[in-house]
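Structure, as structure tokens:
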Amino acid sequence: MTSAEGDIGMFWRQAQDLNEQTALHIAARFGRCETIRLLLKSGVGDLDPVHIGGHVEACRILVSFGFLVDCYTTRGRTPLMYAAKGNHVEVVKYLVGEGGANVNEKNENGASSLYIASHEGHIETVKLLLSLGADVNSCNRTCHTSLHVAVAEHHGEVATYLINAVANKNAVDATGVSIWHEAAGAGSLSMIGLLLRNDVVLDSHTQFDKISSRHPFHYAVLEGHLDFAEAMLVRGLIDVNLQDCDECTAVYYAATTGRDDILSMLLKHRGDPSLASVRRTALHCAVEWKQIKCVKLLVNCNCVDMHAKDLNGRKCLQIAKMKGYDEISVLLEGAPRPLFD
108 MTSAEGDIGM FWRQAQDLNE QTALHIAARF GRCETIRLLL KSGVGDLDPV
158 HIGGHVEACR ILVSFGFLVD CYTTRGRTPL MYAAKGNHVE VVKYLVGEGG
208 ANVNEKNENG ASSLYIASHE GHIETVKLLL SLGADVNSCN RTCHTSLHVA
258 VAEHHGEVAT YLINAVANKN AVDATGVSIW HEAAGAGSLS MIGLLLRNDV
308 VLDSHTQFDK ISSRHPFHYA VLEGHLDFAE AMLVRGLIDV NLQDCDECTA
358 VYYAATTGRD DILSMLLKHR GDPSLASVRR TALHCAVEWK QIKCVKLLVN
408 CNCVDMHAKD LNGRKCLQIA KMKGYDEISV LLEGAPRPLF D
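Encoded structure:
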């Protein structure tokens, strides 16, 4: 073989596709062991195919040729993280048990293999990682734990297992988000029972996030999770008129976002629309954002002060007229027409 022919052969062995994968990467991904051996013996590039290998024997071959089990991609991800994400249980067992991979290694975001497996809902991989010494309370750069993400992604079985493995069930991340915030944001009704059975604290006085100062109850309303919010009320877990640090209530948030279905439910549970935030009332919000159905509900409940002024000294009717909202103006002026069609 001439030097030129050898160079051409090496070029094709090292060539990458649009996903920056070589022939060796692809062979490793599909577990083509003989192809892997052939490519390794003939010389390949320095990109590490262990990252995408989901086959134990393929991993053994690569490691025997000197590929490191704890090597990183440009995004700080290891073979173990890829195996955890892909739910490759036997590969996880090999990489940690035989290969000596660091079970608690983290990627560029501070996420461990356990966090990744919890995010994906891979219960068998979660169990294995914990049995291999994974830190159940390891968190990412924002102090978000595996339990946080399991609850957020509706993975009840994973969440239960993590709690039983003594995960900190009252953990709060760097933004003040608790496990209850995640459950409310996800709107999973089954999570309410799970958290209550495991005595996860729900505090009406201190459990507000640091970014928007909102309680899990407010999260449920803002995300449009009517059933979750109502379940909290029916179970007596929360005061319907709970105010956040800006004195906003769930009624206020429902009116702002135009969730007339949630607003109706809150009013049924004695939500008080007369409670104003530090800036304005719920009716001001509904008018400002042209939430006509919410305006109708609030006007119809006959307990809203039509003359209340917002922080800028404006009444609701003034706002409606200024914005040219004729239908809302008629409603506020009390025209002789039904409030509901």
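Using the working numbering, count along the sequence shown one by one with no gaps and you end on 448.
In this text, a Cβ means the ideal position worked out from N, Cα and C, and glycines have one as well.
Taking only three categories from DSSP, how would you classify Val265? By 1-based counting over the sequence shown, the position of residue 265 is 158. Here Val265 sits in helix by DSSP.
Does DSSP classify Thr109 as helix, strand or coil? As a first step, residue 109 is located in the sequence shown; it is residue number 2 there, counting from the start. With a pLDDT of only 43 at Thr109, under the threshold of 50, the placement of this residue in the model should not be trusted; the figure read from the coordinates follows. Coil.
With a threshold of 6 Å on Cβ separation, who are the neighbours of Val284 within its own chain once the five nearest residues in sequence on each side are excluded? The sequence position of residue 284 within the sequence shown is 177, counting from 1. If we look at Val284 and ignore the five residues flanking it on each side, its Cβ neighbours are Asp316.
Which residue or residues does DSSP assign as beta-bridge partners of Thr252? Along the sequence shown, one-based indexing puts residue 252 at 145. For Thr252, which the question treats as bridged, DSSP gives the partners Cys246.
Helix, strand or coil at Val199 [DSSP, three-state]: Walking along the sequence shown from the start, residue 199 turns up at place 92. Helix at Val199.
Using CA coordinates, which residue listed in Ala327, Ala362 and Gly228 is at the minimum distance from Gly294? On the sequence shown, residue 294 is found 187 positions in, with the first residue counted as 1. Closest by alpha carbon: Ala327.
Pop quiz: Ala389 and Val358 are said to be a contact at Cβ under 8 Å. What is the actual Cβ separation, rounded to whole angstroms? Position 282 of the sequence shown, counted from the first residue, corresponds to residue 389. Position 251 of the sequence shown, counted from the first residue, corresponds to residue 358. The Cβ separation is near 5 Å, so the contact holds.
When DSSP labels each residue in this structure, what does Lys428 get in the three-state scheme? In the sequence shown, residue 428 corresponds to position 321, counting from 1. Reduced to three states, the DSSP call for Lys428 is helix.
Going by Cα to Cα distance, which pick from Ile426, Glu197, Gly206 and Ile435 is closest to Gly173? Position 66 of the sequence shown, counted from the start, is the residue given in the question as residue 173. Of the listed residues, the one whose Cα sits closest to Gly173 is Gly206.
Residues near Leu373 in its chain [Cβ-Cβ closer than 7 Å; skip 5 each side]: Taking the sequence shown and counting its residues from 1, one reaches residue 373 at position 266. Counting only Cβ-Cβ distances below 7 Å, and skipping sequence neighbours, we find Val347, Ala357, Val358 and Ala361.
For Leu221, count the other beta carbons within 10 Å of its own beta carbon; 16 or more makes it buried, fewer makes it exposed. Which is it? Taking the sequence shown and counting its residues from 1, the one referred to as residue 221 is at position 114. The residue is buried, with at least 16 neighbouring Cβ atoms inside 10 Å.
Closest Cα partner of Gly217 within the set Ile168, Ser238 and Thr249: Mapped onto the sequence shown, residue 217 falls at position 110. The option with the nearest alpha carbon to Gly217 is Thr249.
Neighbourhood of Leu424 by C-beta distance below 6 Å, restricted to the same chain and skipping five residues each side: As a first step, residue 424 is located in the sequence shown; it is residue number 317 there, counting from the start. Only Leu439 meet the Cβ criterion.
For Asn407, decide whether its Cβ has a neighbour in chain D, counting only Cβ atoms nearer than 8 Å. Any reference to chain D falls outside this structure, which holds one protein chain only.
Own chain, CB closer than 7 Å to Ile223, minus 5 neighbours either side, in chain order: Reading the sequence shown from its first residue, position 116 is the one you call residue 223. If we look at Ile223 and ignore the five residues flanking it on each side, its Cβ neighbours are Met188, Ala191 and Lys192.
Are the CB atoms of Ser219 and Val256 nearer to each other than 8 Å? Residue numbering aside, residue 219 sits at position 112 when the sequence shown is read from its first letter. Residue numbering aside, residue 256 sits at position 149 when the sequence shown is read from its first letter. No, they are not a contact pair.
Residues of its chain near Leu202, where Cβ-Cβ distance is below 8 Å and the 5 sequence neighbours each way are ignored: Here residue 202 corresponds to residue number 95 of the sequence shown, with the count starting at 1. Contacts found: Cys166, Val176, Pro186, Leu187, Ala190 and Ala208.
Near Met298, what residues of its chain come up, given a Cβ to Cβ distance below 7 Å and the 5 sequence neighbours on each side ignored? As a position in the sequence shown, residue 298 is number 191, starting the count at 1. Closer than 7 Å at Cβ, skipping near neighbours: Val258, Gly263 and Ala290.
C-alpha gap between Arg333 and Ser371, whole angstroms: In the sequence shown, the residue the question calls residue 333 occupies position 226. In the sequence shown, the residue the question calls residue 371 occupies position 264. Per the sequence presented here, residue 333 reads as Leu, with Arg not at that position. So the two alpha carbons sit approximately 10 Å from each other.
Check the C-beta distance from Gly227 over to Asn271 and give it rounded, since I have them as a contact under 8 Å. Position 120 of the sequence shown, counted from the first residue, corresponds to residue 227. Position 164 of the sequence shown, counted from the first residue, corresponds to residue 271. Sequence inspection shows Glu at residue 227; the Gly mentioned does not correspond to that position. Wrong, their Cβ atoms sit about 19 Å apart, outside the cutoff.
Simplified DSSP assignment, three categories, for Ser436: Counting from one through the sequence shown, the residue named residue 436 turns up at place 329. The three-state secondary structure of Ser436, taken from DSSP, is helix.
Simplified DSSP assignment, three categories, for Thr319: As a first step, residue 319 is located in the sequence shown; it is residue number 212 there, counting from the start. One point to set straight first is that residue 319 is Ser, not Thr, in the sequence displayed. Coil.
Does the distance from the C-beta atom of Lys234 to that of Leu254 stay below 8 Å? The residue given as residue 234 occupies position 127 in the sequence shown. The residue given as residue 254 occupies position 147 in the sequence shown. No, the pair does not count as a contact, with Cβ atoms beyond the cut-off.
At what residue ranges does the stretch 352–422 contain a whole run of the alpha helix (DSSP H), taking only runs of 4 or more? Entirely contained in the stretch 352–422, the alpha helix (DSSP H) runs reaching 4 residues are, in chain order, 357–364, 367–375, 389–395 and 399–407.
Measuring alpha carbon to alpha carbon, tell me which of Ser238, His288 and Asp351 ends up nearest His312. For the purposes of this step, residue 312 is identified with residue 205 of the sequence shown, where counting begins at 1. Checking every option, the nearest Cα to that of His312 belongs to Asp351.
Unbroken alpha helix (DSSP H) run spanning Val170, endpoints: As a first step, residue 170 must be located in the sequence shown, where it is residue number 63. Val170 -> alpha helix (DSSP H) spans Val163 to Ser171.
Span of the alpha helix (DSSP H) holding Lys192? Against the sequence shown, residue 192 aligns to sequence position 85. Segment Pro186 to Lys192, the alpha helix (DSSP H) holding Lys192.
With a Cβ-Cβ cutoff of 8 Å, do His391 and Asp417 count as a contact? Position 284 of the sequence shown, counted from the start, is the residue given in the question as residue 391. Position 310 of the sequence shown, counted from the start, is the residue given in the question as residue 417. A contact, by the Cβ cut-off of 8 Å.
Let's test the definition: count the other Cβ atoms within 10 Å of the Cβ of Ala281 and tell me whether it reaches 16, buried, or not, exposed. The sequence position of residue 281 within the sequence shown is 174, counting from 1. It is exposed - the Cβ of Ala281 has fewer than 16 other Cβ atoms within 10 Å.
Residues that Ser297 bridges to, as DSSP identifies them: Within the sequence shown, residue 297 is the residue found at index 190, counting from 1. For Ser297, which the question treats as bridged, DSSP gives no partner whatsoever.
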